[in-house]
Amino acid sequence: PNKRAALKLRTELMSNGLQKNIWLPQIISIQEAMCLWSGFQILDNVDIIFELIKIINKHNKILSNDIFGLASQMLKDFDEIDQYAVNAKELFQNTKDAKEIEIEFLNENYKIDKKHIEFFASLNDYYESLKKVLLENNTGYYGLISRYLYELDDNKLNEIIGDRKIIFAGFNAMTKTEENIIVRLIQNNKATILWDLDEYYFNDNKQEAGIFARDFFERNKNIKEIK
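To convert, note that position 168 of the sequence shown is 172 in this note's numbering; the numbers rise steadily by one, no gaps.
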């Protein structure tokens, strides 16, 4: 799930009283794995925000004096859209329509606030423009990178993994794109998943802490529970 867990596992293996030299497996976080398989580099958020600001300035439809804060929130939304494989165009259209209704019927200054409508109408252009720039440079934010792999067909995904045997370990939650990639690799005998589960929370339907894992196995009935 993260670099801390990877470091902990690596340390445990190295300090386990081994009497001979061994080759450690490659132990990396899910983010590092997605970057490795996609060939893309995750950029620092600040770098992406400044790239997005350039795009916003080209459209000349700024709503706020705090353009950095605006771009930061937009990037956060774009990342979540991609991590959960949402249809961005439809979402932004629905957002624009809802905002237009809100302003028209609840606000006397409808003509003044039409600038807001223009901004929401342009959100998909911002999203697509940023995506294009980042992918052309083999870079991205995490959601964009995981969605790239999510949209690959099985043959291409298997080709990327090659002869590796992947063990996904220690997860108790994952995004839609992560789940899709993991499940497909398991189904194609490229991977196994070892869960971080507590039977008390998992087996008791009243326990909220087990909801994600229960839903996962409900959606993927052919995936064996390995704990």
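Note that beta-carbon positions come from the ideal geometry of N, C-alpha and C, so glycine has one too.
This structure is a prediction, so every number in the text was calculated from the model and none was measured.
Practice item. Identify every residue that forms a DSSP beta bridge with Q30. Key: Answer is none; Q30 lacks a bridge partner.
Practice item. Report the residue ranges of all alpha helix (DSSP H) runs contained in full by the stretch 171 to 195; include only those spanning at least 4 residues, in chain order. Key: Taken in chain order, the complete alpha helix (DSSP H) segments of 4 residues or longer contained in the stretch 171 to 195 are 180 to 191.
Check your understanding: Less than 7 Å separating the beta-carbons of N128 and K93?
Key -> Yes, they are a contact pair.
Review point. Starting from K160 and walking both ways along the alpha helix (DSSP H), at which residues does that stretch end?
Key: First-last of the alpha helix (DSSP H) with K160: 158 to 165.
**Study point:** Among Y205, N226, A177, G214, nearest to L189 - alpha-carbon criterion
**Key:** Selected option, being the one with the closest Cα: N226.
Review point. So is G79 buried or exposed if we call it buried at 16+ other beta carbons inside 10 Å?
Key: Sequence check: residue 79 is Leu here, not Gly. By the neighbour-count rule (16 or more Cβ atoms within 10 Å), L79 is buried.
Review point. If you drop the 5 nearest sequence neighbours on each side, which residues of the same chain put their C-beta closer than 6 Å to that of G144?
Key: These residues qualify, in order along the chain: F44, L138.
Exercise for review: Determine the contact status of L134 and L11, defining contact as a CB-CB distance below 7 Å.
Suggested key: Cβ distance not < 7 Å, so L134 and L11 don't count as in contact.
Point to revise | Top-ranked residue by Cα proximity to N159, from F72, I185, T181, K119 | key: Cα-wise, what sits closest to N159 is I185.
Check your understanding: Just checking my contact of T181 with R151 at CB under 8 Å: how many whole Å lie between their CB atoms?
Key -> T181 to R151, Cβ: 5 Å. Contact.
Review point. Would a C-beta distance cut-off of 7 Å place K194 and I165 closer than the cut-off?
Key: In contact: K194 and I165 (Cβ atoms closer than 7 Å).
Check your understanding: With distances taken between CB atoms, is the gap from P5 to G174 smaller than 7 Å?
Key -> Contact flag set, yes.
Exercise for review: Kindly list the residues whose CB is nearer than 7 Å to the CB of I34, restricted to its own chain and excluding five residues on each side of it in sequence; keep chain order.
Suggested key: So the list reads P5, E182, once near-sequence residues are dropped.
Check your understanding: Does the beta-carbon distance from N176 to D200 come in below 7 Å?
Key -> Closer than 7 Å, so yes.
Review point. CB-CB under 7 Å to Y205, same chain, minus the five flanking residues each way: which ones, in chain order?
Key: Within the same chain, and ignoring the five residues on either side of Y205 in sequence, the residues whose Cβ sits closer than 7 Å to its Cβ are Q211, A213, G214.
Review point. Smallest Cα separation from I121: which of N98, G73, Q87?
Key: Selected option, being the one with the closest Cα: N98.
Point to revise | E36 versus D48 - alpha carbon distance | key: The alpha-carbon atoms of E36 and D48 are separated by roughly 14 Å.
**Study point:** Residue of S42, E155, Q191, M178 minimising C-alpha distance to K169
**Key:** Residue Q191 is the option with its Cα nearest to K169.
Review point. What did DSSP end up calling L47 once you bin it into helix, strand or coil?
Key: Coil.
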